[in-house]
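Heads up: the structure comes next, in structure tokens.
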Amino acid sequence: AMAGVARRLLCRGLGAAAGPPGTRQLREAEEAAPVFQYAGKAAKRKDRVFVWGFSYSGALGVPSFVKPDAGWKKPRRIQPTPYRLETEEKISSAACGYGFTLLASKTRDITKVWGMGLNKDSQLGFQRSRRDQTKGYEYVLEPSPIPLPLEKPQQTRVLQVSCGRAHSLVLTDSEGVFTMGNNSYGQCGRKVVEDEIYSGSHLIHQLKEFDSRVVQVVCGQDHSLFRTKKGTVYACGWGADGQTGLGHYNITSVPTKLHGDIAGVNIIQVSSYGDCCLAVSDEGDVFGWGNSEYLQLASVTETTQVNVPRHLPFKIGKVKEAACGGTGNLVLTEEGNVFVWGYGILGKGPNLIETAVPEMIPPSLFGWSDFSPDTRVARVRCGLSQFAALTNRGELFVWGKNLRGCLGTGRMEDQYFPWRVTVPGEVVDVACGVDHMVSMVRSFT
Amino acid sequence: VSVLGIGHGNKLLTDLYNCHLTRVYTVGGLFGKATDDFSDTGNLVEKTTFDHITREKLERILAVIQGTNQKALLMYSNIDMKTQEAYELAVKGLIRPMGKSPPIITAVRCLQFALPEFQLEIHCLHETQQYLRKMVHEIGLELKSSAVCTQVRRIRDGVFTVDDALPRTQWNLQSIQEAIWNCQLKVETELEKTLG
């Protein structure tokens, strides 16, 4: 190894000094030393869940944060960095609502969905209180099973969950969609009952009437969107901002098909979290409807509410995925570029507060460099005023308003451009809420 | 690569030091052993298996090391993160600590991988040899095994690369003069750029 091309600094450790035992003895001692095995060849990578953000609602699922289990421990109002949550099963889908969380597993076991956090509208189903068997818990502090009224509980699998302000949607592979929680605007897809009391309710509604199997469910603040295999979109719930996209501003209590610019278009993804909605077609076009007070749809109209899906004529390339937040939107193109528009902390420094036209976030902020030119963003997600991006290297970047530590950066300041979140593992997916986030992580080895 | 200054060059050396430029090393490692000084000539502490280690796993760990060090880079650079200036610098990748800081790694990649040996290229700031050896040891731990450092070779110091360096056979006045001439421009531009 010593071809004399240039000067080098070779280090060979401490070596030489005071009479060490002869080399042969050392070698023999080394060979005789026992070998420890920490991981076998077939060691599998473990799937874990990490949570961070505001904990007092119980949404993080760690009871000791809210009610310390030892005298010397203090309650932890905010968890500023990722904290590992122990789960019984491998979690395949997670969703953060406004102060609550749902975790779902693809298992065939009877318990497939767990919920934690706020339950004042039974968005986590009925959680029987141990103190009073007739009442339900209003706050659930640790992941608790949600009993779904399944016909075939040992066959049906839960594919995906989604959470809104006070309602939840659970998507199954063969029994349609289950909805629970607040229904004052018909967001659960059933008729609004006047003076209905949602707290401590056992009611979980089942929706099966769609033109084909539902493959994605999305909760906006007080409305619900359903995407079917055929590429159609259905909506129900609050419509005052036109977020149901049905051509009016009233509430809808039965999932109804959307038309407008998406009629006949094969939609492959929908997204919503506040009062604005985005949809992506198989050809890479973006469609939007709902609230446009923050310039989300200003590229096609000056009106602040759009109640019919409109095509957004962006010239940014074929779009692969869209994420719709409260005041800002994010899209990911096939090329791996991230574009942002709307209002708020958009990720290009404090000077960019609003734009109606998508602006690209430089890939160097996501870890791309001459040194690692294959690094690209693979997924984009939005919370109410935060953004998250996952790269193909399993790194998580966040930016936006750091409400109650929900960015997970360890700092309490807002983040004006994408910043890495240190997670001990490869981040596979992340769910963003209002003031907390949940991520699914695979360990390194 | 070892940089020496002659006469006026000594002052330039201090200026260069204040630029806080990165240095690049190739570091060789060996899986399966852990020693007390992290190198392969130290006293053996433990032996472990390593047949479960793959290049993929190693690269994942390297990605994380880069990530955490990236954050340290930004934090020690004393720039207010809330400014547009910070954003501009972050985009260009020009943020780096201009004062004292613990060792920071700006980039890492795996050059060779042949169990039990491997070789890494490490770009770093304010590092010490001990730190580099310790890093090899920690990589071993992360992979649920152990590793020792077998070789550390500096291939770049700021603007000076292996190509600029003179081998022992060329340690004569003529070559030294030439080398100084060739590097002068590079040194001046770098000093201008950073210190203004």
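Chains as they are written, first to last, in full-length UniProt numbering: chain V, 1 to 445; chain C, 1 to 196. Quick reminder that beta carbons are idealized off the backbone N, C-alpha and C, glycines included. On a predicted model such as this, the values are computed, not experimentally measured, just so you know.
Using alpha carbons as the reference points, say which of the options lies closest to residue i.
i	options	result
Tyr294/V	Gly264/V, Val340/V, Ser271/V, Ile251/V	Val340/V
Ile53/C	Ala63/C, His126/C, Pro116/C, Asn172/C	Pro116/C
Arg45/V	Thr194/C, Ser175/C, Glu142/C, Leu191/C	Glu142/C
Gln84/C	Val428/V, Val434/V, Tyr416/V, Pro424/V	Tyr416/V
Asp203/V	Gly367/V, Ser224/V, Glu209/V, Val192/V	According to the sequence as given, residue 203/V is Leu; it is not Asp. Leu203/V has its Cα closest to that of Val192/V, out of Gly367/V, Ser224/V, Glu209/V, Val192/V.
Leu120/C	Gly42/C, Leu58/C, Thr189/C, Met81/C	Leu58/C
residue 493/V	Thr156/V, Glu334/V, Gly328/V, Thr303/V	The structure shown does not extend to residue 493/V, since chain V is modelled only from 1 through 445, so no value can be given for it.
Gln155/V	Val140/V, Glu175/V, Glu142/V, Gly349/V	Glu175/V
Met75/C	Ile61/C, Val64/C, Gly99/C, Ala63/C	Gly99/C
Val215/V	Gln160/V, Leu60/V, Cys277/V	Gln160/V
residue 446/V	Asp47/V, Cys96/V, Gly40/V, Ala70/V	Outside the modelled stretch of chain V, which goes from 1 to 445, sits residue 446/V, for which no answer is possible.
Glu86/V	Tyr198/V, Gly61/V, Glu31/V, Gly408/V	Gly61/V
Tyr185/V	Asp47/V, Glu196/V, Phe126/V	Glu196/V
Lys348/V	Ser372/V, Trp399/V, Cys406/V	Trp399/V
Ser199/V	Ile345/V, Gly336/V, Arg128/V	Arg128/V
Ile155/C	Gly42/C, Val148/C, Leu166/C, Ser175/C	Leu166/C
Is the CB-CB distance between residue i and residue j below 8 Å?
i	j	result
Ala356/V	Ala263/V	no
Arg420/V	Phe387/V	no
Ala72/C	Ile95/C	no
Lys134/C	Phe38/C	yes
Val136/C	Val45/C	no
Val233/V	Ile267/V	yes
Val438/V	Glu426/V	no
Cys124/C	Thr22/C	yes
Gly53/V	Gln123/V	no
Gln243/V	His223/V	yes
Lys120/V	Glu138/V	yes
Val319/V	Val331/V	yes
Arg381/V	Thr391/V	no
Arg157/V	Lys90/V	no
Val64/C	Phe160/C	no
Asn329/V	Gln296/V	yes
Cys324/V	Ser272/V	yes
Val177/V	His436/V	no
Gly239/V	Leu258/V	no
Glu88/V	Met116/V	no
Could you have a look at residue i and say whether DSSP puts it in helix, strand or coil?
i	result
Pro418/V	strand
Pro149/V	coil
Phe366/V	helix
Cys19/C	helix
Asn307/V	strand
Leu225/V	strand
Ser65/V	As written in the sequence, residue 65/V is Phe, which differs from the Ser given in the question. Helix at Phe65/V.
Asn183/V	coil
Cys183/C	helix
Gly264/V	coil
Arg108/V	coil
Asp372/V	According to the sequence displayed, residue 372/V carries Ser and not Asp. Here Ser372/V sits in coil by DSSP.
Ser175/C	helix
His248/V	coil
Glu142/C	helix
Ile104/C	strand
Tyr87/C	helix
Asp429/V	strand
Ala235/V	strand
Ala32/V	helix
residue 232/C	Beyond the ends of chain C as shown, which are 1 and 196, falls residue 232/C; an answer cannot be given.
Ser162/V	strand
Lys57/C	helix
Met98/C	coil
Ala63/C	helix
Can you list the residues of chain A that residue i reaches, using a CB-CB cut of under 9 Å?
i	result
Leu44/C	Absent here is chain A; the protein component of the structure consists of chains V and C.
Handout entry: Near-chain C residues of the stretch 336 to 359 of chain V (beta-carbon distance less than 8 Å), N- to C-terminal order
Key = Of all residues in the stretch 336 to 359 of chain V, Lys348, Gly349, Pro350, Asn351 have a Cβ within less than 8 Å of some Cβ in chain C.
Problem - Interface residues of the stretch 76 to 103 of chain V facing chain C [CB-CB below 7 Å] - result: Cβ proximity to chain C below 7 Å picks out nothing from the stretch 76 to 103 of chain V.
Problem - Contact set between the stretch 185 to 204 of chain V and chain C, restricted to residues whose Cβ is under 7 Å from the partner - result: Here the close residues number zero.
Practice task
Could you please tell me which residues of the stretch 362 to 376 of chain V, in chain order, have their CB closer than 8 Å to any CB of chain C?
Solution key: Taking 8 Å as the Cβ-Cβ cut-off against chain C, the residues of the stretch 362 to 376 of chain V that qualify are Pro362, Ser364, Leu365, Gly367, Ser369, Phe371, Ser372.
Exercise for the section: May I ask you to list, following chain order, the residues of the stretch 47 to 72 of chain C that have a beta carbon less than 7 Å from some beta carbon of chain V? Expected result: Within the stretch 47 to 72 of chain C, the residues whose Cβ lies closer than 7 Å to some Cβ of chain V are Lys47, Thr48, Thr49, Asp51, His52, Lys57, Arg60, Ile61, Ala63, Gly67, Thr68, Gln70, Lys71, listed in chain order.
Exercise for the section: Select from the stretch 121 to 135 of chain C all residues with a C-beta closer than 7 Å to any C-beta belonging to chain V, and list them in chain order. Expected result: Cβ contacts with chain V come from Gln129.
Practice task
Give the residues from the stretch 79 to 108 of chain C that approach chain V closer than 8 Å (Cβ to any Cβ), ordered along the chain.
Solution key: Here the close residues are Met81, Lys82, Thr83, Gln84, Ala86, Tyr87, Glu88, Ala90, Val91, Lys92, Gly93, Ala107.
Exercise for the section: Could you name each continuous alpha helix (DSSP H) segment of 4 residues or more that falls completely within the UniProt repeat "RCC1" (284 to 335) of chain V, going from the start of the chain to the end? Expected result: List check, alpha helix (DSSP H) in window: nothing returned.
Practice task
May I ask you to list, following chain order, the residues of the stretch 231 to 255 of chain V that have a beta carbon less than 9 Å from some beta carbon of chain C?
Solution key: Legend: CB atoms of the stretch 231 to 255 of chain V lying less than 9 Å from CB atoms of chain C are not found in any residue.
Practice task
With 7 Å as the C-beta to C-beta threshold (strictly closer), list the residues of the stretch 39 to 63 of chain V near chain C in chain order.
Solution key: Under the 7 Å Cβ criterion, the stretch 39 to 63 of chain V contributes Ala39, Gly40, Lys41, Ala43.
Exercise for the section: Please name the residues in the stretch 399 to 423 of chain V whose beta-carbon is closer than 8 Å to at least one beta-carbon of chain C, in chain order. Expected result: If the cut-off is 8 Å between Cβ atoms, the stretch 399 to 423 of chain V has Glu413, Asp414, Gln415, Tyr416, Phe417, Trp419, Arg420, Thr422 near chain C.
Problem - Segments assigned beta strand (DSSP E), at least 3 residues, entirely inside the stretch 18 to 48 of chain C - result: Correct list: 23 to 31, 33 to 35, 44 to 48.
Handout entry: Uninterrupted beta strand (DSSP E) stretches inside the stretch 183 to 218 of chain V (no shorter than 3 residues)
Key = Within the stretch 183 to 218 of chain V, the beta strand (DSSP E) runs of at least 3 residues that lie entirely inside it are, in chain order, 205 to 207.
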